[in-house]
Amino acid sequence: MAHFLFVTGGVVSSLGKGITAASIGRLLKARGISVAMMKFDPYINVDPGTMNPYQHGEVFVTDDGAETDLDLGHYERFIDQDLTRLSSVTAGKIYSSVINKERRGDYRGATVQVIPHITNEIKARLFELEKASQAQVIIVEIGGTVGDIESLPFLEAIRQMRHEVGRARVMYVHVTLVPYIKAAGEVKTKPTQHSVKELRSIGISPHVIVCRTERSLPQEVKEKIALFSDIEARAVIEAVDAATPYEVPLMLHKEGLDDYLVEYFNLSAGAVDLADWQAMVERLKHPQKKIDIALVGKYVALHDAYVSLVEALKHAGAREQAEVALHWVDAETLDKDHLSDVLGKVDGILVPGGSGDRGAEGKILAIEYARTQGVPFLGIGLGMQLAFVALVRSLLGLTQATSAEVSPDSGEHVIVPHASFKDGEDPRSASFVGSREILFAEESRLRTIYGTDRARERLRHRYELVPSYAARLFEHGVRIAAYDPEDRIEAIELEDHPWFIATLYHPEYRSRPNRPHPLMLSFVKEALRAKRK
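Using full-length UniProt numbering, you'd call the opening residue of the sequence shown number 1 and step up by one each time.
Here it is, written out as structure tokens:
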């Protein structure tokens, strides 16, 4: 039987509940305890797959094709486990399931209500993950902030879990803010007191309070918070602003959080082993070199839109003891006259995934600059599609070449939908989403980079390259580097270029802090070589 650890947040959003939950998972795994993780998101969308990245940040994709909140990416990176759609639960999924059951008559004509029908459905998802994972501890983050109306059904469900499985198997960890008031020269506990009061008003008393703070908390402050919250002083854990999120597990361990959790749940656990993690953090904090990478996209005003990509570059940089300095380039503002001003001093150019036509021509300009100037280039998803368009235009002279996604009603389409969908249907029904086997071509650079002839990678697209154009590009040094099992093109390389690779799949989803993705690592290494020259 699993133990359930619920992470809530109070006072303000963006306190780092996801990083706290992921860090707890890292600590427990470091002590030999198996974990599974879950995110409860209170929004009514079924998933974030159709949400604007400016609204919600990146969409993270799991092996089994779930489009999820970006926090699942943090979970996977910290605990080094592949998660599934069972780990992502939204209010939209819950209400949709309950309504479908009501329409089928599953409730035998009963009036369907938040309690018990919605809360029972939420608890059912917890038990489903418990059964599938067989983990010793299920760590569940509750999205939003205590007091939000949208979160109430989830909070009520986790309150009921104490009675469902027994108090000894349930723990509540509350993440809150302890601000430093410069004028007074002291930290203030009142926001935390009010947040705990709000949580207790709905029947949940926290066992642990994680205090986000700019400055270390004096012991008397911890004791004050403990007194007002009715918990032990050692269960008040400070989480001072960290230089990198990967430092948080080390900070929480220093505060004794993992000891407290193991003791509370009465778990049999070994000594914590964080040596590799500590070494990785030190490399991140103290790089010996630096490279400059231009990330050319259309959501650059919100860095969370590309969070997995940013982290994957950091992982590769840490392995090489190099700081990866990102230059965020808005593709919509790029023009021919200022290309060298914007890109002239970078060591690599990356065009990430995305959708739609905005900024497409700016991305193509950046790709052409990388090709003609010999700058290491990596294109991912839409970045790969536009790299193909750029190559067809420049090498074959087909100036009207474009993608059906960018210009559906005009131009010569060299990128087309791989399947059609009817009006009114979800266009994602014709998409590749999730893990797929990728086969690397003989003598390809990709095969050398991976050190194997195949690998599993995650995709999120519904467009494919037209093979006849790829065949014509072969004469100009463009190589098909990877296929899927149905012979669809998954990656291309430019032969007479220092490093020019574009993939439809997303390598960033599989990168880990202590295990950088080989493609990201190769890109960073080539950028370092380019800088030395």
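Virtual Cβ for every residue (Gly too), placed ideally from N, Cα, C.
Beta-carbon proximity check, residue i vs residue j, cutoff 7 Å
i, j, result
"H315", "P516", "yes"
"G65", "G354", "no"
"I79", "G25", "yes"
"V178", "T213", "yes"
"P518", "I449", "yes"
"F6", "Y172", "yes"
"V351", "V389", "no"
"A269", "I138", "no"
"T119", "E156", "yes"
"T237", "L250", "Note on identity: in this sequence residue 237 is Ile, with Thr being the wrong assignment. Cβ atoms of I237 and L250: not closer than 7 Å."
"L378", "I501", "yes"
"V89", "R31", "no"
"L439", "R454", "yes"
"M161", "V175", "no"
"E255", "P287", "no"
"A419", "E412", "no"
"E437", "Y505", "no"
"V307", "E58", "yes"
"V342", "V329", "yes"
"R215", "Y246", "no"
"A481", "A441", "yes"
"V466", "V414", "yes"
"S34", "A135", "yes"
"P218", "V11", "no"
"R159", "I204", "yes"
Environment of residue i [buried if 16+ CB atoms lie within 10 Å]
i, result
"S340", "exposed"
"S133", "buried"
"K290", "exposed"
"Y299", "buried"
"G144", "buried"
"I44", "exposed"
"A331", "buried"
"L227", "exposed"
"I122", "buried"
"Q81", "buried"
"H163", "exposed"
"I115", "exposed"
"S403", "buried"
"D47", "buried"
"T503", "buried"
"R103", "exposed"
"K345", "exposed"
Separation of residue j from residue i, as counted between CA atoms
i, j, result
"M37", "L261", "16 Å"
"A325", "K285", "13 Å"
"E232", "A318", "38 Å"
"A366", "P485", "31 Å"
"Y463", "M280", "37 Å"
"H117", "T189", "37 Å"
"residue 535", "E76", "Any property of residue 535 remains undetermined from this structure, which presents the chain solely from 1 to 533."
"S151", "Y469", "51 Å"
"D71", "F127", "21 Å"
"D347", "E368", "15 Å"
"V478", "E67", "32 Å"
"A168", "L83", "26 Å"
"K336", "G362", "9 Å"
"G92", "I99", "10 Å"
"residue 534", "H338", "Because the chain in this structure spans residues 1 to 533, residue 534 falls outside the shown range and cannot be described."
"R529", "Q193", "54 Å"
"H476", "L313", "30 Å"
"D230", "A491", "57 Å"
"R393", "P153", "54 Å"
"A21", "H74", "9 Å"
"Y483", "Q278", "38 Å"
Which residues DSSP lists as bridging residue i, in chain order
i, result
"K290", "E323"
"D41", "T90"
"D330", "G297"
"S403", "I415"
"G32", "Per DSSP, none; premise fails for G32."
"S522", "Beta-bridge pairing links S522 to no other residue."
"Y463", "P417"
"V98", "In DSSP, V98 forms no bridge with anything."
"residue 555", "With the chain covering only 1 through 533, there is no way to say anything about residue 555."
Presumed contact (8 Å Cβ cut-off) between residue i and residue j, rounded CB distance
i, j, result
"L473", "L391", "6 Å"
"A387", "I349", "Actually they do not touch by this definition, with Cβ atoms about 11 Å apart."
"I209", "V196", "7 Å"
"G147", "E198", "5 Å"
"R85", "T50", "Rounded, the Cβ-Cβ distance is 16 Å, inconsistent with contact."
"L129", "S97", "About 15 Å separates the two Cβ atoms, so there is no contact after all."
heavy atom of the ligand GDP below 6 Å from residue i C-beta
i, result
"F523", "By its list of ligands, the structure shown contains no ligand whatsoever, and the ligand GDP lies outside what it can speak to."
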